[in-house]
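Chemist: What follows is a single structure, and I will ask about it in a moment.
Residue numbers (our numbering): -17 to 939.
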């Protein structure tokens, strides 16, 4: 009998699978899976078959048997190209080369009609065994389109992801909002290690783009393996070595001479507020790398060393002071893989993103005021183990350490107090010699351990595992110079934040605020999960999972101040392969996702923070910017936000508190419309069922109930619910007290999100590719989430929302991440073998604009922003329209000359080709004090990034 063998060519490596398979599927977050069904195998003949899977680049080879139903599966495969051979006895019945991607199943079936497979050869295959939503993209695919070299820009390619405000993070950083959540509710992984910033949730540790191999952007419906996120997940793996030795270099240059600037911003009288015309920005990155085998087929390495030169400068808003930022510390990274044998492997990843970045501050005359040094990043390492215990039972384990410095200090911190002048006649907003508002010594350290198992039982794929993180934060903070002076205009008779009344004849006030805090804090988070992916029928797959999470946040004394156990997070997905051929899927998913308490809450609420203010009539301002005032002319009493005492956990945490969690519902349909075209429709609904935040009117409520003021300050709770705390009685003894939601005066925290999505993709065929989406979405409620975009507050879990009832009166409406319309298109076209054109287009509607006042009909609150102007004019959330639509076209052109010696390329990327300058943020504070307008109200504070050009060249041997 003639051998019936089908061989796939290397050009088909982008194929995700062949036809459909009945075997249950799921893949972990650092590797992929090859699986399939041999239709010709029967209960009497299946023992005659076996499958051989080979990675030619590393020499890995594994032979596995098949089950009685003809199914086979090999998980824990590193991303890359594999050759699959299906044998009947010693005869090869099928041979093909496929590409394995992380967190994806690659299907290779042996059907009765082999020739139909050879004829079809389609390039689009749907995962009819998963209800996850998102984007899986390799570094090779990203190289074909113009994308800024950062993780946020990769995430922005996925439907349902919008760009957040630029108020957060360090210089040049931007963050993304997933599905209406705040930008601080996402999770980030590198080679399986959670590298998310656990201090406030904003971003995480990063590595040079050159080190990444592939990305997975999860926007919804993700499995029980993932948690600690109510936004999305960005999961990335690094490059690794093979048997072939490679070395190379690449350089990326973004010169200031090829960069435009944003428009200047002027006050209504024509004077300058923000001078953007003189902004300067330059960056140069050079990567040197090498990879290969230390021992052929056994031990491999990939090493990278990155040189960076980043410079930027600009004039501070409302001032003639100039700030110059520099970053030139190198990065190093190493990946070592040890293939012990066909069943066991170890991998070590080590990298350092530690930097010390100086910022030089100059006054209007060009005189150097001082230098602020910003230490960020740290040393990181990850150890991964993968093992096949049997053909159907596998295990993976991880141990990692992630460090990140948060120290920001200046030589001016000792003697130069922080001064801000917002008076209408101020000559500069930032007088004095200070250059660093808050001096902080700080660092974060994560120790992570996890173990995951996978067990194939006929039509069931059982996955279970456990992970634990020990997250430690150290922080020492104080205002520069030990004090913060705020100068404002005031109206006689107006009420100040401390309840004091501005006397007759006083029209200017100085607030003198002092802040200190120091301590080390620990949080322990752990979780275990169980998930079953069950092929209920040939066409229907059910994925049912359950995750249990625990977090234990400790105070400065090492005592638990909030510990929540048994956070049960169910996940359920149902997928119907509509025609039974893998060409279409109808799916639905329900998931519950919990978000732990950020370590910022430990530092601020459970430490020894001392934060207090006094108010005085301002007589004049000295030449050095310090105030002239008479201590006898104090207005009102001392305002104490926190008194420096470490509170008993029973005082500051509601004993009936529930963890923060969100429920998500997804219904979608996806279909293949041609060999290399697919399209899909999806609707998403998210409901934040419980939020955590601090309420800070507890002392007022308790005094009204007849207790003496304990100066508790704030209590962590679920806003809008009854609380149970301890409070000191007349004898000084802590006694339990129940306080009703009605007494506290808060509505429940709400955040809802609804989206309708259309997406399509035309896969790369060697000539062109195109992918795009349109999303209509609505995000509404009274709580954005972990951070507050309205005022740029990154005080995760402790924003001014819900601090006082007056601040929430009018807060319900369209939230800051409500971008109603988003269109995305990206793709590439090979003009010929040497020239490649890429495009990336974004069209996004604006976000709501608020107008914040100071007063309230019930009296001026101690601090914060209200939705009342003049104390009586109600302007609820979103009353002042929306920011501009953003339209952006990015183009790239790459030239790859034919050269036998090495792979060589030259490239130019143009971002914001038409130099659009839409306003993305405005100043939303309408008043300095009650009835006194802030002249910056509604002035632009952010524009879309101006046109810039990136020139690059690379060589690879």
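Backbone N, C-alpha and C fix where the C-beta goes; we use that ideal spot for every residue, glycine too.
Check whether the Cβ atoms of residue 317 and residue 299 lie closer than 8 Å to each other.
Modeler: Cβ distance not < 8 Å, so residue 317 and residue 299 don't count as in contact.
Chemist: Per DSSP, what are the beta-bridge partners of residue 492 in this structure?
Modeler: Paired residues: 469 and 598.
Chemist: If you follow the alpha helix (DSSP H) that residue 676 is part of, which residue opens it and which one closes it?
Modeler: Element bounds for residue 676: not the alpha helix (DSSP H) but the beta strand (DSSP E), 675 to 677.
Chemist: Given this structure, state the Cα-to-Cα distance separating residue 285 from residue 314, to the nearest angstrom.
Modeler: Their Cα atoms are separated by approximately 8 Å.
Chemist: Taking the alpha-carbon of residue 790 as reference, which of 726, 577 and 391 has the nearest alpha-carbon?
Modeler: Nearest C-alpha to residue 790: 726.
Chemist: Which residues does DSSP pair with residue 216 in a beta bridge?
Modeler: BP columns for residue 216 point to 170 and 199.
Chemist: Under 7 Å Cβ to Cβ from residue 0, same chain only, skipping five residues before and after it: list those, please.
Modeler: Interpretation of residue 0 is limited by its pLDDT of 31, a score under 50 that renders its predicted location unreliable; the figure taken from the coordinates is listed afterwards. Counting only Cβ-Cβ distances below 7 Å, and skipping sequence neighbours, we find 89, 90, 91 and 99.
Chemist: Roughly how many angstroms lie between the CA atoms of residue 108 and residue 565, to the nearest whole one?
Modeler: Their Cα atoms are separated by approximately 7 Å.
Chemist: Leaving aside the five residues before and after residue 405 along the sequence, list all residues of the same chain whose C-beta is less than 7 Å from its C-beta, in chain order.
Modeler: So the list reads 469, 470, 471 and 490, once near-sequence residues are dropped.
Chemist: Using DSSP with H/G/I as helix, E/B as strand and the rest coil, what is residue 862?
Modeler: Correct three-state label for residue 862: coil.
Chemist: Is residue 702 near residue 723, with beta carbons less than 8 Å apart?
Modeler: Their beta carbons are under 8 Å apart, which means residue 702 touches residue 723 by this criterion.
Chemist: Considering only residues of the same chain and omitting the five flanking positions on each side of residue 937, which have a CB-CB separation below 6 Å?
Modeler: So the qualifying residues of the chain are 230, 231, 884 and 886.
Chemist: Can you find the residues in the same chain that come closer than 6 Å, C-beta to C-beta, to residue 164, ignoring five residues on each side of it along the sequence?
Modeler: The residues are 766, 767, 768 and 769.
Chemist: Where DSSP assigns a beta bridge to residue 806, which residues make up the other side?
Modeler: In DSSP, residue 806 forms a bridge with 755 and 824.
Chemist: So, at 8 Å on beta carbons, what are the nonlocal neighbours of residue 834 in its own chain, with the 5 sequence-adjacent residues on each side left out?
Modeler: Answer for residue 834: 772, 773, 847, 848, 849, 906, 907, 908 and 909, listed in chain order.
Chemist: Suppose you measure from the CA of residue 876 to the CA of residue 125; what does that come to, to the nearest Å?
Modeler: So the alpha carbons of these two residues sit roughly 10 Å apart.
Chemist: For residue 542 and residue 717, I'd like the C-alpha separation in whole angstroms.
Modeler: About 19 Å.
Chemist: Note down the Cα distance separating residue 661 from residue 854, rounded to an integer number of angstroms.
Modeler: Those two C-alpha atoms are separated by around 52 Å.
Chemist: Determine the DSSP secondary structure at residue 109, reduced to helix, strand or coil.
Modeler: Residue 109 falls in the coil class under three-state DSSP.
Chemist: Look at the alpha carbon of residue 481 and the alpha carbon of residue 619, and state the distance between them as a whole number of angstroms.
Modeler: About 8 Å.
Chemist: Can you give me the C-alpha to C-alpha distance between residue 104 and residue 362, rounded to a whole angstrom?
Modeler: Note on residue 104: pLDDT 43, under 50, position unreliable in the model; the coordinate value appears next. Taking the straight line from one Cα to the other gives about 42 Å.
Chemist: Report the residue from 388, 43 and 911 whose alpha carbon sits nearest the alpha carbon of residue 323.
Modeler: The shortest C-alpha separation from residue 323 is found at 43.
Chemist: Would you decide whether residue 747 is buried or exposed? Buried here means 16 or more other CB atoms lie within 10 Å of its CB.
Modeler: Residue 747 should be labelled exposed.
Chemist: Should residue 396 go down as buried or exposed, given a rule of 16 or more other Cβ atoms within 10 Å for buried?
Modeler: Exposed: under 16 other Cβ atoms inside 10 Å.
Chemist: Would residue 681 pass as a contact of residue 691 if the rule is Cβ separation under 8 Å?
Modeler: Contact: yes.
Chemist: For residue 212, which residues of its own chain have a beta-carbon under 6 Å away from its beta-carbon, when the five flanking residues on both sides are left out?
Modeler: Closer than 6 Å at the Cβ level, and outside the excluded window around residue 212, lie 163, 167, 575, 577 and 644.
Chemist: If we call anything under 8 Å between Cβ atoms a contact, is residue 484 one with residue 648?
Modeler: Their beta carbons are not under 8 Å apart, which means residue 484 does not touch residue 648 by this criterion.
Chemist: With a cut-off of 8 Å on the beta carbons, I'd call residue 497 and residue 593 a contact; round off their distance for me.
Modeler: Between residue 593 and residue 497 the Cβ distance is about 5 Å, and since that is below 8 Å, they are a contact.
Chemist: Could you spell out the range, first to last residue, of the alpha helix (DSSP H) harbouring residue 968?
Modeler: Nothing about residue 968 can be reported from this structure: the residues present for the chain run from -17 to 939 only.
Chemist: In whole angstroms, what separates the C-alpha of residue 537 from that of residue 663?
Modeler: Spanning the two alpha carbons is a distance of roughly 47 Å.
Chemist: Quick one: is residue 893 buried, meaning 16 or more other Cβ sit within 10 Å of its Cβ, or exposed?
Modeler: Buried, by the Cβ-count rule.
Chemist: Just mark residue 806 as buried or exposed, buried being the case when its beta carbon has 16 or more other beta carbons within 10 Å.
Modeler: Its Cβ being crowded by 16 or more others within 10 Å, residue 806 is buried.
Chemist: Which of the three DSSP states is assigned to residue 394 in this structure?
Modeler: Coil at residue 394, not helix or strand.
Chemist: Cβ of residue 907 versus every heavy atom of the ligand SAH: is any distance shorter than 7 Å?
Modeler: Absence of the ligand SAH from the depicted structure is noted, as is the absence of any ligand whatsoever, leaving it without description.
Chemist: On the premise that residue 864 lies in contact with residue 828, defined as a C-beta separation below 8 Å, what is that separation, rounded to the nearest angstrom?
Modeler: So it is a contact: roughly 4 Å between Cβ atoms.
Chemist: Which term fits residue 555, buried or exposed, when burial requires 16 or more other beta carbons within 10 angstroms of its beta carbon?
Modeler: Burial call: buried.
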